[in-house]
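Have a look at the structure below before the remarks.
Protein chains: 2
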Amino acid sequence: MKDVAARAGVGLKTVSRVVNGEPGVTQETERRVREAIEALGFRRNDSARILRKGRTATVGLVLEDLADPFYAPLSGAVEDVARAHGSLLIHGSSGEDPAREEELVLALCARRVDGLVVVPASSDHRYLEPELAAGVAAVFVDRPPGRISADTVLSDNYGGARGAVEHLVGYGHRRIGFIGDHPGIHTAAERLRGYRDAMADAGLAVAAPWTSLGSTEPARVAAECVRMTSGPEPVTALFTGNNRVTVTAVRTLAAGGRAAALVGFDDFEMADLLSPGITVVAQDPAELGRRAAARLFQRLDGAAGDPERLVLPTRLVARGSGERPPAV
Amino acid sequence: MKDVAARAGVGLKTVSRVVNGEPGVTQETERRVREAIEALGFRRNDSARILRKGRTATVGLVLEDLADPFYAPLSGAVEDVARAHGSLLIHGSSGEDPAREEELVLALCARRVDGLVVVPASSDHRYLEPELAAGVAAVFVDRPPGRISADTVLSDNYGGARGAVEHLVGYGHRRIGFIGDHPGIHTAAERLRGYRDAMADAGLAVAAPWTSLGSTEPARVAAECVRMTSGPEPVTALFTGNNRVTVTAVRTLAAGGRAAALVGFDDFEMADLLSPGITVVAQDPAELGRRAAARLFQRLDGAAGDPERLVLPTRLVARGSGERPPAV
DNA sequence: TAGGGGCTAGACAACGTTGTCACGGTACGG
DNA sequence: CCGTACCGTGACAACGTTGTCTAGCCCCTA
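Which chain is which? The protein sequence lines are X and W, in order. Using our numbering, read the first sequence as starting at 486 and increasing by one per residue. Using our numbering, read the second sequence as starting at 486 and increasing by one per residue.
Below is the structure:
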């Protein structure tokens with residue numbers, strides 16, 4: 486910038502004015518400055534600008550895995566909202582590791598992002614307290630924060646799970662299995678609760694072998710599928726706790742020629758083209774992202790008030806697999 | 486940091502030393518400093534650090550749409566490599582708009598990212614010349630840069646397309662249609678070229694109504710599907726130019742009960758579970774991202790030499806739909 | 001005991017920008 | 001014709017950190 490000023494024969498501040506489109510510069514002066522900028526290939530250094538101004542026009546997003554088809558639209562929605570507010574998005578994947586989440590979040594804070602959207606992997610976010618006190622805004626999405634209070638946007642996991650199980654019960658199923666993610670994950674725990682309550686309300690006992698929470702690794706899920714649909718009293722229906730589990734379950738049932746009805750949490754592409762179509766509890770991940778980002782920018786624009794918790798409804802999409810077992 | 490220094494009764498530089506784990510600080514002094522840091526909730530301001538050091542430990546990624554199932558794994562792979570090199574990833578979606586691409590890339594450069602991985606939407610990247618001259622590294626992936634020379638990682642779009650068409654020809658198809666993305670997009674153009682050459686090599690004429698390049702909007706693609714499979718001389722097979730087109734084609738053929746064999750470019754989840762399974766030309770998007778990011782960090786680590794172009798092979802995954810028409 | 005070497009610690013400048021303020025010149029009104 | 005207001009412009013400090021350089025201390029040795 487110094488060089489540009491020298492070449493154009495003007496002061497430093499005048500270059501700054503031109504670069505930022507501030508008023509108070511003659512057309513002629515502006516022309517000379519722009520010429521010098523062009524000639525020298527000058528680009529403003531935003532690090533210095535940020536240092537001076539305090540605001541970075543950047544928001545951070547931390548989620549579990551960007552490549553997961555559930556999170557990709559969420560991430561895209563956050564980006565759209567950020568762009569509409571003139572902000573860039575810095576992104577990191579925690580891989581469901583609390584330590585990595587904290588590391589990432591603090592790295593983003595050190596970069597002085599204006600705000601954060603977090604899909605938490607950790608269950609204790611007190612490490613964020615100094616940041617929040619320092620004025621960083623944070624919105625949690627998909628799962629609530631742990632041991633601090635902050636704006637949160639969730640899906641109705643409990644209600645969605647209840648609806649799924651009620652759907653299966655409605656088709657006469659009595660032995661219904663549930664395969665879900667690690668119980669430490671809020672969504673998994675809520676879906677389990679919904680499953681249990683729906684079963685209880687229907688007057689059905691839940692045998693211990695019918696619930697299995699843990700890794701969503703295909704190998705584990707496939708083994709559980711096989712186990713639950715075998716033996717003297719196999720389940721006649723499965724409720725799968727998220728898109729990864731559902732996909733593996735469909736594949737396993739198809740490969741083994743096993744007959745079990747199926748309802749999955751999370752919609753997925755092509756679910757309608759299998760035969761029968763896979764019945765799912767659909768969330769709207771893009772809407773989750775949009776709402777969370779919108780809330781974040783409200784806070785950044787100065788919205789005060791207590792943290793809000795927003796719960797978005799889910800939608801049961803019946804396609805047939807809740808009735809007849811999927812076969813391929 | 487000033488406050489921390491004051492509270493600990495030490496100099497500014499000593500705090501800096503502690504924060505960065507530099508040697509030359511007594512245990513006792515370090516303890517006092519850490520205590521002050523804790524008490525004040527101090528976090529280093531990376532903007533200032535970046536300003537001072539010149540390196541940001543951040544790389545930028547610009548692609549078309551983060552939510553696209555093809556780009557999500559690519560993005561994830563770039564992030565993994567970046568993390569392995571201690572860098573953060575800043576990310577932006579161009580939405581296939583050249584102006585937006587330029588805007589994003591320059592915004593990232595203004596943030597002084599160390600390097601860029603770009604899936605270009607533009608066909609003219611001369612705007613990057615000043616940045617490259619200033620030492621920013623850039624690697625292009627999935628599509629080559631326009632009017633500048635830079636490291637590039639591509640899939641073998643031409644060869645993959647040839648293979649797809651040869652596969653269809655091998656099953657006796659003579660009237661084969663191609664529905665692809667906008668011809669201005671490198672991958673679409675290459676796949677078209679592969680289609681044409683394979684048809685020519687098989688001694689087959691390509692009637693004008695059999696090729697359709699343009700938006701991948703479901704409405705357009707569905708209409709083209711219907712058109713090509715109708716009339717007095719309908720195609721007996723379709724080659725679809727990317728995952729979005731393929732999905733719409735499968736859906737349209739199924740909904741209309743239309744019989745046409747199908748090979749799609751890009752693999753997608755569940756392709757194996759439809760009946761018949763959808764035959765695809767599979768790319769490895771994660772590998773594209775990994776290779777591009779690896780190349781970027783080689784450059785950042787000082788690798789000299791001319792730009793390299795790396796072309797990754799594709800793989801034909803035959804699942805049946807190249808032979809019999811998909812039906813649902 | 002004096003001198004030298006090694007080690008800890010602090011003062012200071014610099015990174016590149018922007019906000020504040022002051023300056024000189026011009027136009028306009030009294 | 002003088003005073004005032006306003007406009008374009010530049011000098012300067014400040015943002016928070018790190019690299020360099022130097023000062024002071026302690027301990028060891030001659």
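Note that the Cβ used here is the ideal one computed from N, Cα and C, for glycine as well.
Cβ separation of Val-504/X and Asp-641/X, assumed to be a contact under 8 Å, to the nearest whole Å | That belief does not hold up - the Cβ atoms of Val-504/X and Asp-641/X are roughly 48 Å apart, past 8 Å.
Sequence-distant residues of the same chain with beta carbon closer than 6 Å to Leu-559/W, five excluded per side = Hits under 6 Å: Pro-770, Leu-773 and Gly-774.
Proximal residues to Glu-587/W (C-beta, below 8 Å), its chain only, five neighbours per side dropped | Ser-607 and Tyr-612
Check the Cβ-Cβ distances between Asn-530/X and every residue of chain W, and say whether any is below 8 Å.
-> yes
Tell me, please, which residues DSSP counts as bridged to Leu-601/W.
-> Gly-545/W and Ala-623/W
Is it right to say Gln-512/X is buried, meaning 16 or more other beta carbons lie within 10 angstroms of its own, or is it exposed?
-> Result: exposed.
Measuring CB to CB, does Ala-500/W end up less than 8 Å from Arg-517/W?
-> The displayed chain sequence assigns Val, not Ala, to residue 500/W. Not closer than 8 Å, so no.
Drop a sphere of 10 angstroms on the beta-carbon of Ser-532/X, count the other beta-carbons inside from all chains shown, and report buried for 16 or more, exposed for fewer.
-> buried
Coarse secondary structure for Gly-655/W, derived from DSSP in three states = helix
Counted within 10 angstroms of its Cβ, other Cβ atoms place Leu-677/W as buried (16 or more) or exposed = buried
Contacting residues, own chain, Cβ-Cβ under 6 Å from Arg-784/X (five flanking each side not counted) | Ala-622
Anything in chain W within Cβ reach of His-576/X, meaning under 9 Å, just list it in chain order.
-> Leu-546, Leu-551, Ser-560, Glu-564, Leu-573, Leu-574, Ile-575 and His-576
Closer than 8 Å to chain X by CB, Ala-779/W = No, no contact with chain X.
Can you name the residues that DSSP bridges to Leu-801/X?
-> Val-766/X
Which partner residues does Thr-696/X have in the DSSP bridge list?
-> Phe-663/X
How about Ala-722/X and Leu-747/X: do their beta carbons lie closer than 8 Å?
-> yes
Determine, using beta-carbon pairs with one atom in the region 574-594 of chain X and one in the region 563-576 of chain W, whether at least three such pairs fall under 8 Å.
-> yes
So which residues on chain X does Arg-516/W lean against when the C-beta distance must stay under 7 Å?
-> What Arg-516/W touches in chain X: nothing, since even the nearest Cβ is about 20 Å away.
Which residues DSSP lists as bridging Leu-574/X, in chain order | Val-544/X and His-576/W
Cβ pair Val-624/X, Val-638/X closer than 8 Å | Yes; because the gap between Cβ atoms is below 8 Å, this pair is in contact.
Test: Cys-710/W CB closer than 8 Å to a CB of chain X = no
Go ahead and label Leu-653/X buried or exposed: buried means 16 or more other beta carbons lie within 10 angstroms of its beta carbon, across all protein chains shown.
-> buried
Run down chain X in chain order and give the residues with a C-beta less than 9 Å from the C-beta of Met-755/W.
-> Val-732, Val-735, Arg-736, Phe-753, Glu-754, Met-755, Ala-756, Leu-758 and Leu-759
Could you spell out where the beta strand (DSSP E) holding Val-638/W opens and where it closes?
-> 636-640
Proximity winner among Thr-543/X, Pro-583/X and Asp-550/X, relative to Ala-569/X (alpha-carbon distances) | Thr-543/X
By the criterion of Cβ-Cβ separation under 9 Å, what are the contact partners of Gly-526/X in chain W?
-> Glu-614, Pro-615, Glu-616, Ala-618 and Ala-619
To the nearest angstrom, report how far apart Val-590/X and Tyr-643/W are at their CA atoms.
-> 42 Å
Give a yes or no on whether the minimum CB-CB distance between Leu-747/X and chain W is below 8 Å.
-> no
Hey, is Leu-773/W's beta-carbon within less than 8 Å of any beta-carbon in chain X?
-> no
Have a look at Leu-497/X and Leu-601/X and give me their C-alpha separation to the nearest angstrom.
-> Rounded to the nearest whole angstrom, the C-alpha separation of Leu-497/X and Leu-601/X is 34 Å.
Does any C-beta atom of chain W lie closer than 8 Å to the C-beta of Ile-664/X?
-> no
Using 10 angstroms around the beta-carbon of Glu-549/W, count the other beta-carbons present and answer buried if the total reaches 16, otherwise exposed.
-> With 16 or more other Cβ atoms from the protein chains shown falling within 10 Å of its own Cβ, Glu-549/W counts as buried.
Apart from the five residues just before and just after Phe-663/W, which ones in its own chain have a Cβ nearer than 6 Å to its Cβ?
-> Excluding sequence neighbours, Phe-663/W sits near Tyr-680, Thr-696 and Phe-724.
Could you say which of Ala-745/X, Pro-668/X, His-671/X and Thr-714/X lies nearest to Gly-805/X if we only look at CA atoms?
-> Ala-745/X
Spell out whether any CB of chain X is found under 8 Å from the CB atom of Ala-595/W.
-> yes
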